[in-house]
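Residue 466 is where the sequence shown starts when you use the numbering used here, and the numbers rise one by one after that. All C-beta atoms in this analysis are idealised placements derived from N, C-alpha and C, irrespective of residue type, glycine included. Computed from a predicted model, the values in this text were never measured in an experiment. First the structure, in the form of structure tokens, and then the observations on it.
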Amino acid sequence: MIELEKVLLEATKRLDIEMFKEFYIHTEDYKQSKRLFLLKDMAIAFNKFKELGDTSLEPNLGICNRCNKGCHGHILVGNQSKNYMNLLFENDMDKIIGVAECADLKTANKIEGLNKRIYLHEYNEPGSPNNVPF
């Protein structure tokens, strides 16, 4: 895992949007497209976890099975609510290309007691009026 990924993962584990913002600007994704909507969506997701009593997220390493097949990411589980989100860190050698939500992230070991999935983007959430199935 490259250093920038470690820092972004640590910010996510801490539910610290300010730390995440500070380092996300160094990703290729941000530099090329100024993807501010990801920062807004991350802040909303972090707040959902906090509202449910979580003070941190526990990462579980996984591999994408669909959208970015073979790319590694993390299922991040709330320490109190056991709600979770799937996050990919797309990288190329020594740099982070992007951070994205994953539709189908699989871990080597089954994670027990998971509750509701927190979706980073409303268009991925089943039942949402803005859902875009793929």
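For this session: Assign L517 to one of three DSSP states: helix, strand, or coil.
Result: Annotated three-state conformation of L517 is coil, per DSSP.
For this session: Measure the alpha-carbon distance for T477 versus I490 and round it to whole angstroms.
Result: Here the alpha carbon of T477 sits roughly 15 Å from the alpha carbon of I490.
Exercise. According to DSSP, is N533 helix, strand or coil?
Worked result: Here N533 carries a coil assignment [DSSP, helix/strand/coil].
Exercise. For the beta strand (DSSP E) that E566 lies in, which residues bound it at each end?
Worked result: Segment 560-566, the beta strand (DSSP E) holding E566.
Problem set entry | Exposure of F511, with buried meaning 16 or more beta-carbon neighbours within 10 Å | Buried.
For this session: Under the assumption that I528 contacts K571 (Cβ atoms under 8 Å), give the Cβ distance between them as a whole number of angstroms.
Result: Correct: roughly 6 Å between the Cβ atoms.
Exercise. Cα separation between K581 and K547?
Worked result: If I take the Cα positions, the gap works out to 8 Å.
For this session: Figure out for me which residue from N551, K515, G578 has the closest Cα to the Cα of N530.
Result: Considering only alpha carbons, the answer is N551.
For this session: With DSSP as the reference, label T492 as helix, strand or coil.
Result: Note: T492 maps to coil in three-state DSSP.
Problem set entry | Meets three-Cβ-pair contact criterion under 8 Å: the stretch 512-523 and the stretch 497-504 | With the cut-off at 8 Å, the stretch 512-523 and the stretch 497-504 do not touch.
Exercise. For I467, which residues from the same chain have a beta carbon less than 8 Å from its beta carbon, with the 5 sequence-adjacent residues on both sides left out?
Worked result: Correct list, in chain order: N556, D559, K560, I561.
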